[in-house]
Structures are given as structure tokens and as C-alpha cells.
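Counting in the numbering used here, the sequence shown tops out at residue 795, every number present.
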Amino acid sequence: MKITVVVAGLLIVLAVLAAWYGQRWIRMRRGGGVSVALRWRPDSPRSSWHLGLGRYEGDEFVWYRVWSLRTGADRVFQRESMLIADRRDPSGTEAYAVPEGSTVLRCESETQEAIEIAMGPGALTGFLSWLESAPPGRRLPRAS
């Protein structure tokens with residue numbers, strides 16, 4: 652009898668978590684999200700890639716981690732302060748942790764820590780277009 656109650660309780664908890672993740676996934680994809688892998692503190696040997704969805708919201712690029720309990724965005728990046736410092740292909744086992752055909756961009760910002768973003772060709776084109784399409788009169792920092 653007690654085992655049945657415990658099993659039923661676990662099934663209810665799993666169903667609620669599955670419904671919450673499903674709803675979160677739909678909410679993230681509704682706004683035209685793109686598959687993006689993100690790595691913060693790229694110079695640290697303990698740094699690893701995290702899969703997620705990125706979405707453009709005006710002057711912000713918001714990133715939602717696929718496996719997260721947060722209700723909102725996990726990271727938010729401001730267009731006006733982002734600078735692409737380096738561009739490379741994934742190396743070694745990195746190719747298995749990022750979306751297929753990805754290019755890795757190292758982005759630096761005056762207001763946030765350095766990050767690496769990995770995205771496929773279509774997402775990369777969109778990201779670069781968004782980054783360079785600031786409103787008239789606004790000057791964006793450029794990589795040297």
C-alpha cells in the first residue's frame with residue numbers, strides 16, 4: 652500500500668516536470684529561436700558547452716538553457732556591447748557538444764564576461780546580421 656502511494660507520487664512529480672519542460676520548450680521556440688551552444692569562462696579548463704536556444708528581442712540576444720528550471724532566460728546579451736574577438740571551427744571532441752556544422756565565436760563585452768557561442772551556418776548568418784544591424788547613429792564596437 653505504501654509503495655503504491657510512493658510510486659503514484661513519483662509519477663505525478665514526473666508528469667508535472669514533463670509538462671513544465673514541454674511548455675518551456677514551446678515558449679522558447681515560439682519566438683523564432685535558434686539552436687545555440689554556449690560556454691562561459693572559455694579560458695577555464697573546467698568550462699563546458701551548454702546546449703540551448705537563442706532568441707532575438709530587440710537589442711538583446713536571450714539564451715535559454717535546454718535543461719534548466721529557470722522560468723526566464725538564462726543569459727541576456729546586449730547588442731551594443733558585444734564584440735566578436737575570434738572565430739574558429741570546433742576542435743576535437745567539441746564537435747560532438749555543439750550543433751552540427753557549427754562555427755565558434757568568442758565574444759567579449761565591456762559589461763559581461765567573455766563567452767564562446769557555437770551555432771550552425773544559418774543561425775550564424777542571422778546572428779552576425781543582428782549584431783551588425785544597429786539603428787542609425789549608433790556605433791558598435793568592432794573587432795580589430
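For every residue, glycine included, the Cβ atom is placed at its ideal position computed from N, Cα and C.
Only a predicted model underlies this, so the values are computations on that prediction, with no experimental measurement involved.
{"Item": "Inter-residue CB distance, R690 and G703 (contact presumed, cutoff 8 Å)", "Value": "Actually they are not in contact, since the Cβ atoms of R690 and G703 sit about 11 Å apart, beyond 8 Å."}
{"Item": "Element boundaries [beta strand (DSSP E), containing A748]", "Value": "First-last for A748: 745-748, but that is the alpha helix (DSSP H), not the beta strand (DSSP E)."}
{"Item": "Backbone CA spacing between A736 and S719 [nearest angstrom]", "Value": "28 Å"}
{"Item": "Supposed contact pair S695 and P750 - C-beta distance, whole angstroms, cut 8 Å", "Value": "No, P750 and S695 are not in contact; Cβ-Cβ is about 22 Å, not under 8 Å."}
{"Item": "Beta-carbon contacts of R739 that lie in its chain and below 6 Å, excluding the five residues immediately before and after", "Value": "V755"}
{"Item": "Beta-carbon separation (whole angstroms), G752 vs G777, contact threshold 8 Å", "Value": "With a Cβ gap of about 14 Å, G752 and G777 do not count as contacting."}
{"Item": "DSSP bridge partner residues for T754 (one or two, in chain order)", "Value": "M770"}
{"Item": "Best match in I768, A666, R730, L668 for proximity to G709 [C-alpha to C-alpha]", "Value": "R730"}
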